[in-house]
Structures are given as structure tokens and as C-alpha cells.
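Below is one structure; the comments refer to it alone.
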Amino acid sequence: MTTSTDRWIDDTTFHEDVNYIESLWQQRSIGTIELPLIDIGRGEPLVFVPILEHLEFVYSRQVRQMSQSRRVILYRRQEMRKTPFGPNDRAEELRQVLDGLGLECPDLLGHGDAAMVLFEFALRYPQRCRSLTIIAQGADYRIKPHPFIWFLHELFYRLPVEYVLPASILRANVINYIMSHSMDNHTAPSLPRHLIEEQFCKISQWPFVYKCSVLPIIHNFDIRKRLSGLTMPILLINRTDDALSPEAKTRWLARHLPNCAGYHVVSGRERFFMYSRAETVTPLIEAFLAARDTRRGPLKQLQQ
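In terms of the UniProt record's numbering, the sequence shown opens at residue 1 and continues consecutively.
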């Protein structure tokens, strides 16, 4: 395995982690939907809310580690290519999965746009959330340079751009944001760009997926005026210089949540630091969940 002193996540390690996740999928009918599902381990359930298909490797190291002491669930979400699938649809998709598995009030975890879905679910069904772990996501989503990027998204959303925009161009721009970091950030280990590109290339009809499955979630995400409804314990983790979820925004969120049980900023050179810096991130999640296991009352605020 790659150690914290290595500069890169090597190809062999990455492919082992991708293959590990791929080997665990089992096709399941849940309610009115059918989707690939991972359901392993025993103990208190932890549900990982999925990001884009083929990017589930982001959770692979936590799934491997935490399934040794907990029941771990991850499903592959439905990617739409013809009609928009928005935050309400994703929240209901998550509800159907929980209902189908008989999970009344599990711990839930989401990364990036999956955290947006998780926030929407928690605001709609707070009684279904034992706790939330939010990775790399603030209370709103504004990509720099704003409002220029917002305007481009608006055009993409309203016009049939997906028929003429090359997938390679859109893919390259998205990965640029994922890989963005300050010049003085030399954190090790890091996830090489070609491995992220390799996974993105597996997403068929990428411009259509982006329009119908990604943009409806991220385009107008803003829950800053709805935070009072998030009364469950919430753990926030971000990195120092994330281009899509700036640290200043997650720090603001930590200060304004009704029950922020912890806020941690870790080093990392790309947005998928949950994977590349698992040796740092996983213990933070485990400690938070262990506190939930031993204390049934509200968690006291941890030092930020």
C-alpha cells in the first residue's frame, strides 16, 4: 500500500481499490428501482451516498476499513441522460434505498455533490438521519469565476449544448477543478490526473450525464437559509484549498450549523483527498461515529 511519505498513489494501488469496489456490486431490486448495491459488514449501519458512477473509488478505502466494524452500504446511483434528475429526485432515491433495506435512522456520509443530496435528504427527512458526515461541501456552490461559470451552466442547462460539446473538453474542465491546488501545496500522497481521467472515460455520454444528472444538483445549490432544520450531529471535513468547496465556506457552515460535532481541515492536493489521504480522513470519521455509538444524546461541540 502507498504510505504517507510517497508522492503519488501508484497505478497498481489505485486499480486494486477500483477493482475492490467493482467486485462488491450486487444487482438489487429496491422498491421501484433496481441498482447495484454494496452491503457488507455487521454492526451499526453507515450509508455512503454515491457520487457519479465509476467515481465510487473515492469511498473505497473507507468501505474496506469501516466494514470491519460496521455494516457499510453503498449504492450506484441512476445516471440520467435524457431528463433532469434533481435534488428532490436524488433524495427520494436515497429514501427508497433506506426503506428497501429497512434502515430507519442510519449514519450517512456524502462527498461533494453527494453531500448536496444528503443535505436535501436531511432537510426533508431529519428523523431518518442519525448523523451526517459531509466531505468537501459547504452550504452553497459558486464556482470561480462566478458568475461567468454560472452563466455557462445556465446556457448548458437551457440549450441542447450536449449534442455539440465534445466529451473530452467537458471532462478536461471538470478534472481541472478536481485537481486544482495552490502552488505551495506539496502534500503527499496525491492522486495522478491520468487515473481520474481513466475513471471519467468510463462514463458513457458524459455531456448528457453532466446536463441531466450533475447540473440539476449543483447549479442552484444554496441551503444557507435552511440550516436551522439540520439538527442532527454533523461532521465536516475539507482540505485547505479546494476550488469547488473553498475552506472559508465550510468554516462558515461549521459555525452556523445547529449541531456541528466537528470541523477538520486536512492537507490534500486534489478534491478526492478522502481517497488519497484516507490515513488521515478515516480516523476522523471513525472517532465521530464511535462517539455516536457511545453517546445517545447530542454531541458536544468539538474543537474546530
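Note that the Cβ used here is the ideal one computed from N, Cα and C, for glycine as well.
As the structure is a computational prediction, the values presented were derived from the model and not from experiment.
Per DSSP, what kind of secondary structure is residue i in: helix, strand or coil?
i	result
residue 105	coil
residue 133	strand
residue 242	coil
residue 212	helix
residue 141	coil
residue 16	helix
residue 26	strand
residue 71	strand
residue 222	strand
residue 217	helix
residue 203	coil
residue 147	coil
residue 256	helix
residue 153	helix
What is the rounded straight-line gap between the Cα of residue i and the Cα of residue j?
i	j	result
residue 87	residue 57	22 Å
residue 274	residue 42	23 Å
residue 23	residue 74	13 Å
residue 77	residue 184	36 Å
residue 143	residue 249	12 Å
residue 292	residue 161	46 Å
residue 276	residue 211	28 Å
residue 271	residue 94	23 Å
residue 111	residue 254	16 Å
residue 260	residue 47	19 Å
With a threshold of 6 Å on Cβ separation, who are the neighbours of residue i within its own chain once the five nearest residues in sequence on each side are excluded?
i	result
residue 223	119 and 139
residue 182	241
residue 217	87, 113 and 116
residue 164	none
residue 285	133
residue 14	195
Excluding the 5 residues preceding and the 5 following residue i in the sequence, name in chain order all residues of the same chain whose CB lies nearer than 8 Å to its CB.
i	result
residue 151	none
residue 171	197, 200, 201 and 206
Under the DSSP definition of a beta bridge, which residues are partnered with residue i?
i	result
residue 8	190
residue 39	73
Residues in its own chain within less than 7 Å of residue i by CB, not counting five upstream and five downstream?
i	result
residue 257	227, 230 and 234
residue 209	79, 81 and 203
Flag residue i as yes if its beta-carbon sits less than 8 Å from any beta-carbon of chain C, otherwise no.
i	result
residue 259	Absent here is chain C; the protein component of the structure consists of one chain.
If contacts are defined as beta-carbon pairs under 8 Å, then residue i and residue j qualify, I think. What distance do you get, rounded to the angstrom?
i	j	result
residue 238	residue 265	6 Å
residue 175	residue 198	Rounded, the Cβ-Cβ distance is 11 Å, inconsistent with contact.
residue 9	residue 190	7 Å
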